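Heads up: take any position in the sequence shown, counting from 1, add 1443, and you land on the numbering used here. In what follows, a structure is listed as structure tokens, so that the remarks can point back to it.
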Amino acid sequence: MYKIVKKEELGQDTYLMEVEAPKIAQSVLPGQFVIVKANETAERIPLTVSDTFLPDGTITLVIKAIGISTRKIVSYPVGGFFHDVVGPLGNPSAFIHRPIGMLRRSRYCFIAGGVGIAPVFPLVKWMSQHGLECDVIIGARNASLLFYIEQFRKITNNLYIATDDGSMGFKGNVTDMLTKLVKEKGRRYDEITAIGPMIMMKFVSLKAKELGIPCVVSLNSLMVDGTGMCGACRVQIGGQTKFTCVDGPEFDASLINFDECMHRQAMYDHVEGRKLLEEEELRENHQCHIGGIAHEALPPKSRVPVREQAPEVRRSNFREVCFGYNAEEAVEEARRCLTCKNPQCVNGCPVHIRIPDFISHIKDGQFDKAAELIREDTALPSVCGRVCPQEIQCEGKCVLGRKGDPVAIGKLERFIGDWSMKNHVAAHKPFERKGKKVAVVGSGPAGLTCAKELRCMGYDVTVYEALHEFGGVLVYGIPEFRLPKKDIVKPEIETIKNLGVRFESDVVIGRTMSVDDLMNKWCYDAVFIASGAGFPNFMNIEGENLCGVVSANEFLTRNNLLFSYKEHYETPNFVGKKVTVVGGGNVAMDAARTAIRLGAEVHIVYRRSEEELPARREEVHHAKEEGIDFQLLTNPVRILGDEKGWVCGMECVRMELSEPDESGRRRPVVIPGSEFVLDTDMVIMSIGTSPNPLIYTTTQGLDVNHHGCIVADEVGATSREGVFAGGDIVSGAATVILAMGAGKSAAKAIDEYLRKRQ
Ligand code: FAD
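See the structure below:
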């Protein structure tokens, strides 16, 4: 929680708020920003840090109250607390890295418009603190919208004010003022930095070009998440797609397509407005009820059927699809297990759960023993029982599978995991403390498993998480209808907290502090990096930046982490009437099944055939049952937009499969002349994710491969002594259980490493 220590009304709907955030205050640099989430149901809002006060560990934010979320932020009183403040995020302004001698020989002009006045302030303050002269132009429609005038006067003698109506300073806009300074006063600038409304930055950029002056602008207003995980802030910079929050927020203005940026900004404004209008109607029509139970008669060699919500009912609610086994069903299914002497299922499990042993206990009705055993072997049984691709792992190796259904190991794991949570079965045996500290970066399955294992060995473990919730993909990616957050993910994490593992949210390693800080300043003996692969990929086809094109990460995060589909949660969401999801993995199925629950007609476009679909078999089956149309052997070529910049169709080609490629799957090739247009008003890109570059670009000597994955050996040791890594950040996007396996191996390796160092 982050205490508000000062609040001041600066002008019309504009407030200054000073907030206690000592870690951010220590590391923030000019040009960086934070994400503020006022309370549990609030949206994540990016705000530039306009000042810091180190002795008190406070940061100053200036907020223009324009929408539901910003109005909520400014409604908080002094003494109140914000739920989350994350940062500092984004790159600092480039000029602060230039040699002072060079800056002294140059002349900089800073132009601020409207709420852009606040982010320009720290840039000018930095100049003043370094004894550098610069010019500052600030403008607004009228004097009541201006603020910080006195503060600016204290740090610069060259402040020029422009108002459209002439109510303060020069009558005209900031570009007129710039022209006047250059043409009439003979000013020569080496660089202009402009921050403000997109339209203002566009015109400053055009003017700068006309005057032959390089211009930099800040696209901070495009940001949504701030850590690079949603891709909503993507922009075309010189023809390349960049993410504002990771590559920016400042960019060379001459390379920006401002019209496209303005369209993208409009996307959620429009949604917020529409949401307000529809609120009442939604409330009246809101209906949620769990319906019939699907029960089919099965042949004797089949597993005990599992009860599920009926497809026609579940496709309009977010409640869990599968009800799982009750005690009787679990015992009955457990009885099918042959308790093999040489159990292949254990070999098929990346964390080597003693499967026949826990199933034997279930068979005997000794649920407590089964629970103790499984909790020793895995940190997240209730999660894995729900989301692991068992058909290619443990169940894929079960001998019963040769002639019938393999034992439903996943459903039994889920049963006993849930039972152990309800009955508070201790997750570990007592341990002796080792007096050594390990930091874990990221709270996904890899980080949680490593933390649990190390804690059980006696280490002091702290998990640092960039988001405001713990769990990684388990909370932001996988939807509630597959993996309930409050009833399953949170209690699973609680069992790890109860062991004494410390958890810190809102800490972005590589920004709030670096891996080197963890080792040198905070004296950790080892670091385990488990930051996942949460950076969405795009196809780089025409039309990908139209309004209505989103990454699956963005779409799912809005719904799962920020509950945009729920009443009282403020994060806006956009859902088309005809949604097309591009991709065929679990992520694509989750996005498609989420969209159908939001009322859309949904198509999945996948370039290979059904056989190659990488998603779990159960998800494909469920998606089909729910009415999702699969356009297989189909590939998008370009996305079509209407005159307002919104998606109105997608041109596709049909494919056929030829020889296998390096992945062993048959390579899809285009059938000539097969082009057709799919009618769609929303495209969700779900074609994979890559590692976020934040950590490796800020850690000296950490080797990465050409995919940006950290290079680590089979136990997770990296090129940096004492730094280990595992999960998706090493393997690239994979599975929960593989990430857990990597966390478990790394814990052992860290233990060995620390023992040797004693
Ligand atoms: P993650 O789960 O990605 O966790 C990484 C964590 O690190 C995140 O919380 C992130 O915020 C944090 N982080 C990142 N950078 C920083 C930083 N700089 N500082 C601090 N913290 C940071 N797998 C399955 O087995 N079955 C499924 O059904 C399945 N469905 C999926 C559905 C979706 C929508 C997605 C996206 C993935 C799915 N997967 C599934 C894949 C699986 O979830 C991942 O392979 C797994 O979560 C990887 O675990 P991890 O711990 O390596 O990373």
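Backbone N, C-alpha and C fix where the C-beta goes; we use that ideal spot for every residue, glycine too. Note that this is a predicted model, so its numbers are computed, not measured.
The beta-carbon distance between N1601 and V1625, rounded to whole angstroms, is 14 Å. This is too long to meet the 8 Å contact definition. Cα atoms of Q1787 and D1800: separation of roughly 13 Å, rounded to the nearest angstrom.
When secondary structure is reduced to three states using DSSP, S2162 falls in the coil class, being assigned neither helix nor strand. Proximity of the segment 2125-2135 to the segment 2024-2041 meets the contact definition, three or more beta-carbon pairs being nearer than 8 Å. Secondary structure at C1837: helix, using DSSP grouped into helix, strand and coil. Between the segment 1474-1489 and the segment 1516-1536 there are three or more inter-stretch CB-CB distances shorter than 8 Å, so the stretches are counted as touching. Shown here, L2197 sits in a helix according to DSSP, grouped into three states. Counting only runs that start and end inside the segment 2084-2146, the beta strand (DSSP E) elements of at least 3 residues fall at 2090-2103, 2109-2113, 2119-2121, 2125-2128. The beta carbon of V2024 lies closer than 6 Å to those of A2031, A2034, A2035, I2047, I2127, S2129 in the same chain, with the five residues before and after it left out. With 16 or more other CB atoms across the displayed protein chains lying within 10 angstroms of its CB, G1890 is buried.
Of the candidates E1451, I1859, G1901, S1886, the residue whose Cα lies closest to the Cα of F1874 is G1901.
The criterion of a C-beta distance shorter than 9 Å is satisfied by G1523 and I1447. Using a cutoff of 8 Å, the CB of M1672 counts as near the ligand FAD, since one of the ligand's heavy atoms is closer than that.
DSSP, reduced to helix, strand and coil, places H1804 within a helical segment of the structure shown. Of the residues N2078, E2094, M1641, T1513, the one whose Cα lies closest to the Cα of G2027 is N2078.
I2180 places its beta carbon less than 9 Å from that of C1827. In this structure, R1584 and D1619 do not form a Cβ contact; the two beta carbons are roughly 14 Å apart against a cut-off of 8 Å. The residue from E2068, Y2049, L1621 with its alpha-carbon nearest to that of L2076 is Y2049. N1585 carries a coil assignment under DSSP once its states are collapsed to helix, strand and coil. With respect to the 9 Å criterion, S1863 and F1913 are not classified as neighbours on the basis of their beta carbons. With a threshold of 8 Å, the Cβ atom of Y1967 does not count as near the ligand FAD, since no heavy atom of the ligand is closer than that. Rounded to whole angstroms, the gap between the alpha carbons of V1932 and L1917 is 7 Å.
F1564 counts as buried, since at least 16 other C-beta atoms from the protein chains shown sit within 10 angstroms of its C-beta. When Cβ pairs closer than 8 Å are counted between the two stretches, the segment 2058-2071 is seen not to touch the segment 2087-2095, the count staying below three.
Secondary structure of A1508 (DSSP, three-state): coil.
As computed with DSSP, P1793 is found in no beta bridge at all. Of the residues H1911, L1698, A1537, the one whose Cα lies closest to the Cα of M1444 is H1911.
Relative to the ligand FAD, even the nearest heavy atom lies 8 Å or more away from the CB of D1499.
With contacts defined by Cβ atoms closer than 9 Å, I1817 and G1860 form a contacting pair.
For F1686, the shortest C-beta to heavy atom distance toward the ligand FAD is 8 Å or greater. With fewer than 16 other Cβ atoms from the protein chains shown falling within 10 Å of its own Cβ, S2106 counts as exposed. Within the segment 2008-2036, the runs of beta strand (DSSP E) that reach at least 3 residues and sit entirely inside it are, in chain order, 2021-2025. Within the segment 2169-2196, the complete alpha helix (DSSP H) segments at least 4 residues long are 2171-2174, listed from N- to C-terminus. In this structure, A2176 has its CB closer than 8 Å to one or more heavy atoms of the ligand FAD.
Between A1555 and A1637, the gap from beta carbon to beta carbon is short of 9 Å. Put simply, the backbone Cα of Q1572 is about 11 Å away from that of K1597.
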